[in-house]
Amino acid sequence: VRKFSLMMAQAPHVPRYATFPQEGNWAELESCRDMRPTYQHLLEIARLDKEYELKRIVPTVGRSSQVFLGTKRGEAKGKQGPPRTVFAHTITHSLKMSADDAEGWMDWPESLVLSAVDELERARLNADIGSKPNSYIFTHFNSLVDLEPSVVVEKLESFMNRFVAKHGNRLQKSKVDEIVVKLGIGSVSRGRTHTLRLTASSMTGEYLKTTSCFEQVDSLTGRPARWLDTRTGGDLGKEDPVVGRMQVKRSTARAAGSTYAPEFLGMIKVELIKKWSVYRQAGGKAEVPANLFSSVELVRGTDGELEESRRLPGQNSVGVLAWRCTLATPEYPGGRDIVLIANDVTFEAGSFGVAEDEVFQKASEYARKRGLPRIHIACNSGARVGLAEELKEFVKAKWSDPSDPSKGFDFLYLGAADYNRFPEGTVVARETTVEGKKVFAIDAIIGEGLKSTAGGIGVENLRGSGLIAGETARA
28 VRKFSLMMAQ APHVPRYATF PQEGNWAELE SCRDMRPTYQ HLLEIARLDK EYELKRIVPT
88 VGRSSQVFLG TKRGEAKGKQ GPPRTVFAHT ITHSLKMSAD DAEGWMDWPE SLVLSAVDEL
148 ERARLNADIG SKPNSYIFTH FNSLVDLEPS VVVEKLESFM NRFVAKHGNR LQKSKVDEIV
208 VKLGIGSVSR GRTHTLRLTA SSMTGEYLKT TSCFEQVDSL TGRPARWLDT RTGGDLGKED
268 PVVGRMQVKR STARAAGSTY APEFLGMIKV ELIKKWSVYR QAGGKAEVPA NLFSSVELVR
328 GTDGELEESR RLPGQNSVGV LAWRCTLATP EYPGGRDIVL IANDVTFEAG SFGVAEDEVF
388 QKASEYARKR GLPRIHIACN SGARVGLAEE LKEFVKAKWS DPSDPSKGFD FLYLGAADYN
448 RFPEGTVVAR ETTVEGKKVF AIDAIIGEGL KSTAGGIGVE NLRGSGLIAG ETARA
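Next comes the structure, spelled out in structure tokens:
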């Protein structure tokens, strides 16, 4: 027995419910009070309760909806109080989808996801919520779709892209960061063969970018436990590390008074949504394309040339990022390409080293040879002038007057043991003594063979400015 649910009749009103899970030492799960026992599982409330302190927002507009104000457990409060999120979870027991119906089936899921947006808009009228928290939508189609998994994935991705393009303004006003649609694939006779989870998320940089995976559940608890890529079948693990990585990068960039580079992709998509909205309100006749914006990162391959990559944000080892982006505008609905280059301020303060110069030059050359506009979003500290970081904690000073450091020092030195711990070529030093002990007075720090100096920390980082200037002149 893992959970005990109590139903209390109160005729002529609807019954009341209380749930007591074993993992909570049989204490009541207050976030699920007055909620039917099956809803907790189908709406993934218990899973949410593990990560957030939940406050249920009642009443809701729909009978099959639940709304919560969540405060992340263990998060620092900050100046504006603890970060909070509004969660709207909805469920339905029907979805008709056929291989022949291209778009007609989309009306029902569209209305269901819109009902979740309605719940968010209504919840923001609550004085405890207001306009500050971001939002999350979870929609569960608790029915089986009898189609090939690849067909269902394609149809749902098309639906989500159209939904975001069509209702982008409302989603932005409600500060929706993520939309999740979950449904089963199979039939009554065969049972459920797959559980598909489609996610449109802004947590990877691009605004509500669509991804999908097949979900596997824990055989004991029935809860989601592992996810597989819908195209490759590759194991995506037990949890998504991208969100945490993005949050760290965002915080680092914002602390520097800037923006994390991949987030500019999302900003472009948001502006495209606004541009299409203005166009339609002004009487424009062209239909809003299903995919307003797409991007692919350009990264250096093993041969040093740029190649397309769909890796997740935060995996770069160079402080310059580049993308080939396709933008569908009212003036050109079919989409036009640009090359976007940006400094990653979270990597060595966005400074330029040898590797950064090469990526910039290659990306510019890529755009020039294809006749594409090249846009550079600059946020950097210039050429990289670094330090041999590994040495810093071992360097000591021979003070002219140990009782008064303000009088300066005679030389910097390394102890004998510390000198020997580093490879030859790290420093140029001469043997001497301090307080009767053998030490090595430092004449120069070279840093050869150290990880922190790989790629250059000095004048070698200046030579790339000529490389970039020459390429820009040719462009």
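Position in the sequence shown (from 1) plus 27 gives the number in the working numbering. C-beta atoms are modelled at their ideal positions from N, C-alpha and C, and glycine is treated no differently.
- Excluding residues up to 5 positions away in sequence, A415 and V454 lie with their Cβ nearer than 6 Å to the Cβ of I472 in the same chain.
- Looking at the DSSP output, D364 sits in a beta bridge with T353.
- Per the C-alpha coordinates, the member of F95, R100 and K99 positioned closest to F114 is F95.
- P64 sits close to T46, with the two beta carbons spaced by under 8 Å.
- In summary, W303 is buried, with 16 or more beta-carbon neighbours lying within 10 Å of its beta-carbon over all protein chains present.
- DSSP, reduced to helix, strand and coil, places W254 within a strand of the structure shown.
- At the C-beta level, E233 and K296 come within 8 Å of one another.
- When DSSP states are grouped into helix, strand and coil, V208 belongs to the strand group.
- Relative to the Cα of G476, the nearest Cα in the group P450, M133, G157 and R501 belongs to P450.
- No Cβ-Cβ contact shorter than 8 Å links I212 with D384.
- The straight-line gap separating the alpha-carbon atoms of G89 and Y287 is approximately 38 Å.
- Per the coordinates, the alpha-carbon of M62 lies some 27 Å from the alpha-carbon of L198.
- Leaving aside the five residues that flank P357 on each side, the residues in its chain whose CB is nearer than 8 Å to its CB run, in chain order, K302, W303, Y306, G311 and A313.
- Secondary structure note for S216: it is in no alpha helix (DSSP H), with a DSSP letter that is neither H nor E.
- Around the C-beta of F31, fewer than 16 other C-beta atoms lie within 10 Å, and the residue is accordingly described as exposed.
- Taken atom to atom, the span from the alpha-carbon of T117 to that of P176 is near 23 Å.
- CA-to-CA, the gap between E50 and D245 works out to about 15 Å.
- As DSSP reads the structure, H116 sits in a beta bridge with Q93 and F165.
- With a threshold of 16 other beta carbon atoms within 10 Å, M35 falls short and is exposed.
- When C-alpha distances from E420 are compared across L439, P432, G452 and G409, the shortest belongs to L439.
- For the pair N370 and L139, the Cα-to-Cα distance works out to about 40 Å.
- When DSSP states are grouped into helix, strand and coil, L56 belongs to the coil group.
- A residue is called buried once 16 or more other Cβ atoms fall within 10 Å of its Cβ, and G261, having fewer, is exposed.
- Counting only the Cα atoms, V179 lies some 33 Å from R111.
- Y79 has its alpha-carbon roughly 22 Å from the corresponding atom of W254.
- When the alpha-carbon of I404 is set against those of A443, E290, L418 and R327, the nearest one is in E290.
- Within a 10 Å sphere around the beta-carbon of H120 sit fewer than 16 other beta-carbons, which makes this residue exposed.
- Around the beta carbon of H40, fewer than 16 other beta carbons lie within 10 angstroms, which makes this residue exposed.
- In the DSSP assignment, Q308 falls within the alpha helix (DSSP H) that extends over E290 to Q308.
- According to DSSP, L439 shares a beta bridge with A424.
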